[in-house]
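*Asks:* Can you read through this structure? Questions will come right after.
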Amino acid sequence: MPVIKPTCVRDLKLRVNIADVVSRVVTLRKAGSRFKGLCPFHNEKSPSFHVDPDKGFYKCFGCGKAGDVITFVRETEQLGFTEAVEAIGQRFAVEIEYEQGSGPSREERSLRQEIFEIHDLAADHYHQSYQAHTPTGDYLRKYWVEQRKFSPELAEEYKIGAATPTDDGLGALLLRNKFSEEALRQCGLFFIREQAVLGLGSLKPRFRGRLMIPIRDHQGRVVAFTARQTDLTPGDDPAREAKYVNSPETPIFIKGNLLFNLDRARTAVGEGDPFVLVEGQLDALRCWSVGLKTAIAPQGTSITETQLVLIRRYHSQVECFFDSDSAGQKAAMRFLPMALKAGLEVRFLKHAGLEKVDPDLLFLEQGLPAYAELKRGSLSAMSYACQTALPDPVVASSEQKSRAARSILELVSTIESEVARSEFLNEAARHLHITASALQHDLQTFTKKQGQNIRPTEIPTPKPDNAATSELHLLMVCLHFEQIGHPLSTVLPHDWIDISHTAGILLNRFLAEFEHNSWPGRDHLDDLLETTEEKALVASLLFDTPTFEDPVKVANEGLVMLRARALEPRLQQIELDLANHQVDSEIDPISLLKERSNIHRQLRQPLGLSVAV
């Protein structure tokens, strides 16, 4: 595969603000000259993920992940280096240059990147069909406005599309763009027989005669489609009777890993504006159309832990607006323990004047004011759970209360915070008309039987290996005070450095560059970093501002420690050999005494740098 020019990589890092890239994934808030948010690499409740636009690095002080803009895209999108650079270049209009002036061919691009491009083209193609003055376009525009009661502007905003009842030319369009056979087979837009020779005749459209709703990931990229059945759906459609058909799972689309409309809703949430979780995509579209901008929906499946972690990354509060029938209640009770475990603050929206509520119809008829009415009738997580488990506690028998209490204890046991657990138990006791102490006792019994440890768990903050402390300090000095690098390389023998860990490997490599006057500068280290661990460590050290005032003193202390670590073990061994020396031993005591004297002389010898900083 062609290699991207190093100068192009450096230019990209200078031109692209890392905060702009990270904010597509993480909700960032200003914190001095930096930004901070919830880490995308582990589940956390307090933000420990920091971004420094001036230095071009990010670092999480919770899990230790660190890197630059390219590393971030690689880690969050599972891309290779070249693919990540190309993706950033495409998004921010930075031209990518390759060695010998040649770029990668279509066949050399990643499968994922190709499928992303296929979906971009497909979304445009379907939207053009929707806008076209053809029988299909005319019918589906009328269906959208008159039957679904949505505005033409919303169709434009969400790029609503139309799939014609017969082959509409999408396959021909993709073939002309020379996408690989593997990408066309795996994109999910066609039925292709396994042994079929790929060609126009073998690309059978999956979606025909349907209204096409693009599904986007949290970064706004089209990854799949939801297709709504209409009167145009042909009788030979394998899924003719299904009202909604989703794209199959592909390398870029896993239903349980994304939420419909999250790419838009995540920018609207904030204090007083929680996520609103509805059941279907059209419910979310209706919410958006009336001005409720924080609505999201799963992809026709039960909510997953991955989706909840994704929600928690952007905001800790979520309001659930599920159907009020038994199926909706069951869905809510499956959702609730996972949400509490993920650290979400949950409320359930209910309309005080209506027993059964259809979100789509409610907002269509009453608009945004209906949301205020729903909030007035909303229930906390525990109130909802208790009402579902025991609707009428006043007349309930002791056996009914016991069964209800057990279901509540199963829920409470998933909560890590002891404070939250205590509050939930008190609230549950009031609703169930039993004492809080009895519930607390039953919880202890329940968790003991389950073999659970109900103490809250914390994510440990990684600490540097003690053995690497000296190397880390010297590495920090070399990176932040580069003028010390060359003098240090002249006085520090390479065999004093422990290269069994990443810090030692990098210090050894960097000092060799300083020694030969080939140090490229800390902003151009890509060619010197060979592993992801090395890149992460350098990014972490560059992100941190040195806390010491005198780097020369720190360097001198590091030199003394490395010398002692290198020489003192041998000195101890010599003392042991001399103490255990036997007359018939092969050990030469005279040589040992000379070596001991030499080591003592080295340890007494002043060792230090004299350099102006």
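According to the numbering used here, the stretch in the sequence shown is residues 178 to 790, in order.
Where is the CB? At the ideal position from N, CA and C, for every residue including glycine.
#1: Terminal residues of the continuous alpha helix (DSSP H) containing residue 657?
#2: Might you give, ordered along the chain, the residues of its own chain that have their beta carbon closer than 7 Å to the beta carbon of residue 442, omitting 5 neighbours on each side?
#3: Just how far apart, CA to CA, sit residue 592 and residue 186?
#4: Shortest alpha-carbon distance to residue 786 belongs to which of 742, 731, 752?
#5: Could you pull out every unbroken beta strand (DSSP E) segment of at least 3 residues lying fully inside the segment 418-467, listed in chain order?
#6: Can you give the Cα-Cα distance for residue 316 and residue 402, rounded to whole angstroms?
#7: Going by alpha carbons, who is nearest to residue 203 out of 454, 751, 445?
#8: Kindly indicate which residue of 528, 559, 307, 497 has the alpha-carbon position closest to the one of residue 546.
#9: Buried or exposed for residue 583, going by 16 or more other Cβ atoms inside 10 Å?
#10: Kindly list the residues whose CB is nearer than 8 Å to the CB of residue 369, restricted to its own chain and excluding five residues on each side of it in sequence; keep chain order.
#11: Comparing alpha-carbon positions, which option in 364, 332, 287, 270 lies nearest residue 298?
#12: Please identify the residue among 694, 654, 653, 711 whose C-alpha is closest to the C-alpha of residue 677.
#13: Tell me the residue span of the alpha helix (DSSP H) that contains residue 715.
#14: Starting from residue 486, follow the beta strand (DSSP E) in both directions and report where the run begins and ends.
#15: What are the boundary residues of the beta strand (DSSP E) that includes residue 494?
#16: Take residue 468 and list the residues in its own chain whose beta-carbon comes closer than 7 Å to its own, dropping the five residues that flank it on each side.
#17: Note down, in chain order, each residue of its chain lying with its Cβ closer than 7 Å to the Cβ of residue 428, except the 5 sequence neighbours on either side.
#18: Could you tell me how far apart the beta carbons of residue 322 and residue 329 are, in whole angstroms, since I believe they sit closer than 8 Å?
#19: Compute the Euclidean distance between the alpha carbons of residue 775 and residue 781, then round it to the nearest angstrom.
#20: Could you give the residue range of the beta strand (DSSP E) that holds residue 403?
#21: Just reading off the beta strand (DSSP E) that residue 664 is part of, what are its end residues?
#22: For residue 326, which three-state DSSP category applies?
#23: How long is the line joining the alpha carbons of residue 612 and residue 576, rounded to whole angstroms?
#24: Any idea what DSSP makes of residue 726, helix, strand or coil?
#25: In chain order, what residues of the same chain have a beta carbon less than 7 Å from the beta carbon of residue 409, not counting five sequence neighbours either side?
#26: Quick one: give me the first and last residue of the alpha helix (DSSP H) that residue 221 is part of.
#27: Just list the beta strand (DSSP E) runs in the segment 194-258, keeping only unbroken ones of 3 residues or longer that don't cross its boundaries, in chain order.
#28: In its own chain, which residues sit with a C-beta less than 7 Å from the C-beta of residue 196, not counting the 5 before and 5 after it?
#29: Of all the options 566, 587, 339, 367, which has the alpha carbon lying nearest to the alpha carbon of residue 388?
#30: Are residue 243 and residue 540 closer than 9 Å when you measure CB to CB?
#31: By how many angstroms is the C-alpha of residue 654 removed from the C-alpha of residue 692?
#32: For residue 490, tell me which candidate among 556, 180, 703, 440 has the shortest Cα-Cα distance.
#33: At what residues does the beta strand (DSSP E) containing residue 582 begin and finish?
#34: Report the rounded CA-to-CA distance for residue 190 versus residue 246, giving the unit in angstroms.
#35: Quick check: residue 706 and residue 648, are their CB atoms within less than 9 Å of each other?
#36: Leaving out five residues before and five after residue 644 in sequence, what residues of the same chain have Cβ atoms less than 7 Å from its Cβ?
*Replies:* Concretely, from the data shown:
#1: Taking the first residue of the sequence shown as 1, we reach residue 657 at position 480. 646-657 is the span of the alpha helix (DSSP H), which, as asked, contains residue 657.
#2: Within the sequence shown, residue 442 is the residue found at index 265, counting from 1. Only 452, 470, 471, 472, 473 meet the Cβ criterion.
#3: Here residue 592 refers to the residue found at position 415 of the sequence shown. Here residue 186 refers to the residue found at position 9 of the sequence shown. When rounded, the distance between both Cα atoms is 45 Å.
#4: Taking the sequence shown and counting its residues from 1, one reaches residue 786 at position 609. When each option's Cα is compared against that of residue 786, the closest is 731.
#5: 421-423, 452-455
#6: Taking the first residue of the sequence shown as position 1, residue 316 is located at position 139. Taking the first residue of the sequence shown as position 1, residue 402 is located at position 225. Answer to the nearest angstrom: the Cα atoms are 20 Å apart.
#7: Here residue 203 corresponds to residue number 26 of the sequence shown, with the count starting at 1. The residue with the shortest Cα to Cα distance from residue 203 is 445.
#8: Within the sequence shown, residue 546 is the residue found at index 369, counting from 1. Comparing Cα-Cα distances from residue 546 to each of 528, 559, 307, 497, the minimum goes to 528.
#9: As a working mapping, residue 583 is identified with position 406 in the sequence shown. Exposed.
#10: For the purposes of this step, residue 369 is identified with residue 192 of the sequence shown, where counting begins at 1. Once the five neighbours on either side are set aside, the close Cβ partners of residue 369 are 361, 362, 375, 379, 380, 381.
#11: Position 121 of the sequence shown, counted from the first residue, corresponds to residue 298. Of the listed residues, the one whose Cα sits closest to residue 298 is 364.
#12: On the sequence shown, position 500 is the one that residue 677 refers to. Considering only alpha carbons, the answer is 711.
#13: In the sequence shown, residue 715 corresponds to position 538, counting from 1. That run of the alpha helix (DSSP H) goes 709-720.
#14: Residue mapping note: residue 486 aligns to position 309 of the sequence shown, counting from 1. It is not in any beta strand (DSSP E) - residue 486 instead sits in the alpha helix (DSSP H) that spans 482-491.
#15: Within the sequence shown, the letter at position 317 stands for residue 494. Start and end: 494-498.
#16: Looking up residue 468 in the sequence shown gives position 291. 545.
#17: Taking the first residue of the sequence shown as position 1, residue 428 is located at position 251. Excluding positions up to five away in sequence, the list reads 288, 289, 292, 363.
#18: Counting from one through the sequence shown, the residue named residue 322 turns up at place 145. Counting from one through the sequence shown, the residue named residue 329 turns up at place 152. Correct: roughly 6 Å between the Cβ atoms.
#19: Translated into positions along the sequence shown, residue 775 becomes position 598. Translated into positions along the sequence shown, residue 781 becomes position 604. Their Cα atoms are separated by approximately 10 Å.
#20: To locate residue 403, count along the sequence shown from 1; it is residue 226. It spans 399-406 - the beta strand (DSSP E) in which residue 403 sits, taken as one unbroken run.
#21: Indexing the sequence shown from 1 puts residue 664 at position 487. Premise fails: residue 664 lies in the alpha helix (DSSP H), 662-668, not in any beta strand (DSSP E).
#22: Counted from its first residue, the sequence shown places residue 326 at position 149. Coil at residue 326, not helix or strand.
#23: Walking along the sequence shown from the start, residue 612 turns up at place 435. Walking along the sequence shown from the start, residue 576 turns up at place 399. Taking the straight line joining both Cα atoms gives about 15 Å.
#24: Taking the sequence shown and counting its residues from 1, one reaches residue 726 at position 549. Here residue 726 sits in coil by DSSP.
#25: Counting from one through the sequence shown, the residue named residue 409 turns up at place 232. Same-chain partners within the cutoff: 313, 316, 342, 386.
#26: Working through the sequence shown from its first residue, we reach residue 221 at position 44. Careful: residue 221 lies outside any alpha helix (DSSP H) and carries neither H nor E.
#27: 206-208, 211-214, 226-229, 234-237, 243-245
#28: Within the sequence shown, numbered from 1, the residue matching residue 196 stands at position 19. Here the set comprises 205, 212, 228, 230.
#29: Translated into the one-based positions of the sequence shown, residue 388 becomes position 211. Closest option to residue 388, Cα to Cα, is 339.
#30: Along the sequence shown, one-based indexing puts residue 243 at 66. Along the sequence shown, one-based indexing puts residue 540 at 363. No, they are not a contact pair.
#31: Within the sequence shown, residue 692 is the residue found at index 515, counting from 1. Within the sequence shown, residue 654 is the residue found at index 477, counting from 1. The alpha-carbon atoms of residue 692 and residue 654 are separated by roughly 16 Å.
#32: Position 313 of the sequence shown, counted from the first residue, corresponds to residue 490. Here the closest residue by C-alpha is 440.
#33: In the sequence shown, counting from the first residue as 1, residue 582 sits at position 405. That residue, residue 582, is in no beta strand (DSSP E); its alpha helix (DSSP H) goes 575-589.
#34: As a working note, residue 190 is residue 13 in the sequence shown. As a working note, residue 246 is residue 69 in the sequence shown. Cα-Cα distance, rounded: 7 Å.
#35: If you number the sequence shown from 1, residue 706 lands on position 529. If you number the sequence shown from 1, residue 648 lands on position 471. It is not a contact, given that the beta carbons lie outside the stated cut-off.
#36: Locating residue 644 in the sequence shown gives position 467, where the first residue counts as 1. In this prediction, residue 644 has a pLDDT of 49, which is less than 50 and means its spatial position is unreliable; what the coordinates show is noted afterwards. If we look at residue 644 and ignore the five residues flanking it on each side, its Cβ neighbours are 675, 678.
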